[in-house]
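Following the numbering used here, the numbering of the sequence shown begins with 10 at its first residue and continues without gaps.
Every residue gets a Cβ at the ideal spot worked out from N, C-alpha and C, and that includes glycine.
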Amino acid sequence: MPDDDQSPISAQQAKRLFADWKAAPAIVLAVSGGPDSIALMWLAARWRRAMTRGPRLIAVTVDHGLRSEAAREARDVKRLAKDLDLPHRTLRWTGVKPKTGLPAAARAARYRLLAKAARTGGATHILTAHTRDDQAETLLMRMLRGSGIAGLAAMARESERDGVQLARPLLDIPKSQLIATLNRAKIAYADDPSNRDASYTRPRLRALMPALAEEGGDSRNLARLASRLARANAALEVLADGAERYLALRDRNDASRFGFDATAFAGLAEEIRLRLLKRAIDRVGHEGPVELGKLEALLGALDRAIADGQPRLKQTLAGAVIGLVQGRIHVDPAPPRRSRTG
Numbered sequence: 010m011p012d013d014d015q016s017p018i019s020a021q022q023a024k025r026l027f028a029d030w031k032a033a034p035a036i037v038l039a040v041s042g043g044p045d046s047i048a049l050m051w052l053a054a055r056w057r058r059a060m061t062r063g064p065r066l067i068a069v070t071v072d073h074g075l076r077s078e079a080a081r082e083a084r085d086v087k088r089l090a091k092d093l094d095l096p097h098r099t100l101r102w103t104g105v106k107p108k109t110g111l112p113a114a115a116r117a118a119r120y121r122l123l124a125k126a127a128r129t130g131g132a133t134h135i136l137t138a139h140t141r142d143d144q145a146e147t148l149l150m151r152m153l154r155g156s157g158i159a160g161l162a163a164m165a166r167e168s169e170r171d172g173v174q175l176a177r178p179l180l181d182i183p184k185s186q187l188i189a190t191l192n193r194a195k196i197a198y199a200d201d202p203s204n205r206d207a208s209y210t211r212p213r214l215r216a217l218m219p220a221l222a223e224e225g226g227d228s229r230n231l232a233r234l235a236s237r238l239a240r241a242n243a244a245l246e247v248l249a250d251g252a253e254r255y256l257a258l259r260d261r262n263d264a265s266r267f268g269f270d271a272t273a274f275a276g277l278a279e280e281i282r283l284r285l286l287k288r289a290i291d292r293v294g295h296e297g298p299v300e301l302g303k304l305e306a307l308l309g310a311l312d313r314a315i316a317d318g319q320p321r322l323k324q325t326l327a328g329a330v331i332g333l334v335q336g337r338i339h340v341d342p343a344p345p346r347r348s349r350t351g
């Protein structure tokens with residue numbers, strides 16, 4: 010592991026990490042109590058203290074109610090936040106927890122609660138402590154699921170979620186460097202055993218990382234790959250924007266309806282055709298986002314119908330109806346599903 014991966018983060022480095030958000034009125038810091046998020050809070054507080062004017066920082070801990078230690082860890086975060094002169098809130102995920110898909114449900118609940126805290130506190134941004142290690146693991150998980158280029162771009166440094174900007178200032182920083190930073194500052198942090206629970210996919214992949222690193226697949230190289238794929242994805246989105254304008258995707262007579270000439274559509278590259286279909290379906294559908302595999306199957310059916318001169322085709326996907334009629338592809342909202350009665 011390179012020496013800088015073991016070096017504490019300096020005040021000057023922290024200034025560069027958070028510089029993009031110095032003009033925000035207020036920022037929510039997502040702090041679970043683990044080393045990554047504790048380092049995020051400590052570094053952000055140090056960065057803010059060095060500024061004459063800057064954003065208000067609000068530390069928020071989400072207690073998912075899944076571990077008995079979580080309440081104590083939230084109290085520990087609150088004590089440290091007080092020492093750093095930061096306000097702190099603990100939010101709880103209440104209600105029945107799902108028996109399957111628990112990590113995804115917990116993640117969705119966490120972001121929902123964080124977004125609510127941001128809106129309540131007048132914050133425009135939520136900062137999370139995702140690291141380079143997290144980025145590498147996310148890339149591997151999505152590779153194994155067969156994700157497309159957009160998915161393999163992994164996590165963005167900044168994106169919108171629930172009406173708030175979600176930012177990840179530590180995405181290029183290895184976890185080892187954050188731990189070194191806390192050790193230098195003599196700051197304690199919690200150890201969540203669920204991070205090693207082999208019943209979940211991410212911990213199983215995490216356990217494989219040392220072996221992958223020996224073959225060159227360390228977090229640095231995997232994160233670099235994600236960054237390159239993000240660059241390619243951004244270029245493809247620009248091409249899709251141009252193709253969308255070229256095809257005049259939106260019908261002038263009906264703002265709720267999307268359509269394009271089938272022959273012109275067929276002449277575009279396959280990846281661009283997929284993206285145009287996805288955009289149209291996600292805009293008008295009510296069961297999205299559309300799955301890539303199903304989208305590819307739909308495109309195949311459309312391509313065959315266009316090539317064979319088939320006059321009509323109609324399919325429903327993700328709450329949208331996709332039809333081929335008289336040489337034109339239309340994408341319209343699907344009628345609501347009828348509920349079954351006994």
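Subject >> Three-state class that DSSP yields for G332 in the structure shown >> reply: Note: G332 maps to strand in three-state DSSP.
Original post:
Using DSSP with H/G/I as helix, E/B as strand and the rest coil, what is D181?
Top reply: Of the three classes helix, strand and coil, the one that applies to D181 here is coil, per DSSP.
**OP:** Round the Cβ separation of A232 and R166 to the nearest angstrom and send it over; I've been treating them as touching at under 8 Å.
**Re:** Between R166 and A232 the Cβ distance is about 12 Å, and since that is not below 8 Å, they are no contact.
Original post:
Going by alpha carbons, who is nearest to L175 out of K184, D206, K125?
Top reply: K125
Original post:
alpha helix (DSSP H) containing V105: first to last residue?
Top reply: It is not in any alpha helix (DSSP H) - V105 carries neither H nor E in the DSSP assignment.
**OP:** Classify L277 as helix, strand or coil using the three-state DSSP reduction.
**Re:** Three-state result, L277: coil.
Original post:
DSSP puts H339 in a beta bridge; with which residues?
Top reply: G268, G332
Subject >> Under the three-state DSSP convention, the category E167 falls into >> reply: strand
Subject >> For R76, the three-state DSSP class (helix, strand or coil) >> reply: coil
Original post:
For the region 15-99, which segments carrying the alpha helix (DSSP H) assignment without a break, of at least 4 residues, lie completely within its bounds, in sequence order?
Top reply: 20-27, 44-58, 79-92
Original post:
Got a sec? Which residues, its chain only, sit under 6 Å from A163 by beta carbon, not counting five neighbours each side?
Top reply: Q144, T147, L148, A235
**OP:** For the alpha helix (DSSP H) containing V173, list its first residue and its last residue.
**Re:** Looking at the DSSP string, V173 is not in any alpha helix (DSSP H); the run it does join, the beta strand (DSSP E), is 173-176.
Original post:
Taking D29 as the reference, which of G42, S41, R57, I18 has the closest Cα?
Top reply: R57
Subject >> Same chain, Cβ closer than 7 Å to A252, neighbours up to 5 away in sequence not counted >> reply: L277, I281, L285
Subject >> Supposed close pair D45, L179 - CB separation, criterion 8 Å >> reply: Between L179 and D45 the Cβ distance is about 7 Å, and since that is below 8 Å, they are a contact.
Original post:
Looking at C-beta atoms only, is the number of pairs between the region 31-50 and the region 129-141 that lie closer than 8 Å three or more?
Top reply: yes
Original post:
Can you tell me the Cα-Cα spacing of S41 and R98, whole angstroms?
Top reply: Their Cα atoms are separated by approximately 11 Å.
Original post:
Which residue from L187, M152, A306, V340 puts its Cα closest to that of L238?
Top reply: M152
Original post:
The alpha helix (DSSP H) spanning I196 covers which residue range?
Top reply: I196 -> no alpha helix (DSSP H), and no H or E assigned at all.
Original post:
Does DSSP classify T154 as helix, strand or coil?
Top reply: The amino acid occupying residue 154 in the given sequence is Arg; Thr does not appear at that position. Coil at R154, not helix or strand.
**OP:** Let me know if L217 comes out buried or exposed under the rule of 16 or more other beta-carbons within 10 Å of its beta-carbon.
**Re:** exposed
Original post:
Do A189 and P64 have their C-beta atoms within less than 8 Å of each other?
Top reply: no
Subject >> Unbroken stretches of the alpha helix (DSSP H), 4 residues or longer, contained in the region 206-254 >> reply: 210-223
**OP:** Kindly list the residues whose CB is nearer than 8 Å to the CB of I182, restricted to its own chain and excluding five residues on each side of it in sequence; keep chain order.
**Re:** I18, L26, T140, R141
Original post:
For Q319, which of helix, strand or coil comes out of DSSP?
Top reply: coil
Original post:
With C-beta atoms as the reference, is W102 less than 8 Å away from V69?
Top reply: no
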